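In this note's numbering, the protein residues as written are -9 to 435.
Glycine is no exception: its CB is placed at the ideal position from the N, C-alpha and C atoms.
All of these numbers come straight from a predicted model, not from anything done at the bench.
So, in structure tokens, the structure goes:
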């Protein structure tokens, strides 16, 4: 099949490369000339495990190509996939300007039947707006071509996106036409062989499904972070509570790890957007409003512990920071808890010495050169002359460090662990003052 992908960001690249890997002919279009040049050379603008290898394989076979020529892109694909960004407006609503720009372009250049697929996370009713926008562009040209608009939300986890796409747990198709449903079944047939994962529903239900799924996962995280705060106050251990709660099969163990709050490109944006949608239709999203409020507070929980330990005297203090990306196996810094923490520390005059396996370049792009930020070559280098170690991203290489080396490097044997990687009593035996999330505070023995 011939497929055009509008947008070469995270969703667009994973979608395009995975479709190409199944034998389709994919053309990805983006207005960013530098990004398109990188991709043509087989270089990735994002970090996603295994994606660059797949890109190079499919570039070599000619199954995927990249362009900045929008007219050429529209002509290429019977299927037109919209995978551009939908950033949050000031009121929390999703900004649809890029989605509707693509819709206008499709209407301006289409020369026959097109199936237009909304892959971007968009508010309920967006398919109607896309349909209207395309039709207006056709009317302006005084031509008529048939087209269908479907909703096909993505459910990709950063760090595991290829597996999620190749072996999906569900494929949501929102459509009101049998023709488009049949075409989508054909497109996804290679990913649907083990069992039928494809669910066809009305368009608005498909659009809402994505927001509801992400908001429910965010709710589980915020709920557990709230329970972690209560645990600290009543003398309970959140790890034991987590095991007891997760053992109930109705709840399970997924997304009930307490930590320093959620971040990334999806959860924060989608929760805000669903709150905004609720307001627009006259419904108050009380639970989601609380979820967002809890998360904003949780992203500063480590700073509060640090500030309290040092009695508010952070001027000139130096902190080793392990992790920058919002989660492991990505370089994504969008809404990352590390950003809120660093900015709070800087405001108090502290210095940060940071390391992340993948997000160093992205951090440099965001903050530039600062005298209070040192990006180090390895985790050990961050420890030099540091007053304490902070862990905020649970990369695997942080799980079993050389604690003797950490003690020898730090000025004081203090660890602030935002991901509960270590056992508190073991830390005390090793001589560390150890702060975690929802666990009993342990002072060095």
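Q. Can you tell me where the alpha helix (DSSP H) with residue 392 in it begins and where it stops?
A. From DSSP, residue 392 is part of no alpha helix (DSSP H); its letter is neither H nor E.
Q. Where do the ends of the alpha helix (DSSP H) carrying residue 172 lie?
A. 168 to 178
Q: Grab me the residues of residue 168's own chain with a C-beta within less than 7 Å of its C-beta, minus the 5 sequence neighbours each way, in chain order.
A: none
Q. Hey, which unbroken runs of the beta strand (DSSP E) at 3 residues or more fall wholly within the region 305 to 382?
A. 308 to 312, 341 to 345, 363 to 365 and 378 to 381
Q) Which residue from 232, 266, 147 and 37 puts its Cα closest to that of residue 447? A) Lying before the first or after the last residue shown, residue 447 is absent from the chain, which here runs from -9 to 435.
Q: Using alpha carbons as the reference points, say which of 352, 39, 398 and 273 lies closest to residue 154.
A: 39
Q: Have a look at residue 376 and residue 399 and give me their C-alpha separation to the nearest angstrom.
A: 8 Å
Q. CB residue 311 to CB residue 342, shorter than 8 Å?
A. yes
Q: Return the CA-CA distance between residue 229 and residue 328, expressed in angstroms with no decimal places.
A: 23 Å
Q.
Measuring only the C-alpha atoms, how far is residue 299 from residue 57?
A. 54 Å
Q) Should residue 272 be labelled buried (16 or more other beta-carbon atoms within 10 Å of its own) or exposed? A) exposed
Q: Let me know the secondary structure DSSP gives residue 55 once reduced to three states.
A: strand
Q: Since I believe residue 254 is in contact with residue 324 (beta carbons under 8 Å), could you give me their beta-carbon distance rounded to a whole number of angstroms?
A: 6 Å
Q. Does the ligand NAP have even one heavy atom less than 7 Å from the beta-carbon of residue 166?
A. You won't find the ligand NAP in this model; it holds no ligand whatsoever.
Q) For the alpha helix (DSSP H) that residue 60 lies in, which residues bound it at each end? A) 60 to 66
Q: Determine the extent of the beta strand (DSSP E) in which residue 407 is found, giving its start and end residues.
A: 404 to 407
Q: Give the range of the beta strand (DSSP E) segment to which residue 105 is assigned.
A: 104 to 108
Q.
Looking at the secondary structure, which residues open and close the alpha helix (DSSP H) in which residue 11 lies?
A. 0 to 11
Q. In three-state terms, what does DSSP make of residue 15?
A. strand
Q) Which class does residue 159 belong to by DSSP, given the choice of helix, strand or coil? A) coil
Q.
Could you give the first and the last residue of the continuous alpha helix (DSSP H) run that contains residue 146?
A. Here residue 146 belongs to no alpha helix (DSSP H), and DSSP marks it neither H nor E.
Q. Once you ignore the five residues that flank residue 366 on each side, which residues in its own chain have a CB closer than 6 Å to its CB?
A. 343, 345 and 372
Q | Whole alpha helix (DSSP H) elements within the region 169 to 243, 4-residue minimum | A | 193 to 224 and 228 to 236
(Q) I'd like the span of the alpha helix (DSSP H) that includes residue 296, first residue to last. (A) 291 to 299
Q: For residue 149, I'd like the list of residues in its chain whose CB is within less than 8 Å of its CB, leaving aside the five on either flank, ordered along the chain.
A: 38, 39, 317, 318, 319 and 320
Q | Within 8 Å, strictly: CB atoms of residue 285 and residue 221 | A | no
Q. Can you pull the DSSP bridge partners for residue 140?
A. 107
Q.
Applying the 10 Å Cβ sphere with the 16-neighbour rule, what's the burial state of residue 249?
A. buried
Q | Per-residue DSSP class, three states only, for residue 84 | A | strand
(Q) Is it buried or exposed, residue -8, if we count other Cβ atoms within 10 angstroms and call 16 or more buried? (A) exposed
Q: Give every residue of the same chain whose Cβ lies closer than 6 Å to the Cβ of residue 144, excluding the five residues on either side of it in the sequence, and list them in chain order.
A: 1 and 109
**Q.** Nearest neighbour of residue 277, chosen from 287, 288 and 264 [CA to CA]
**A.** 264
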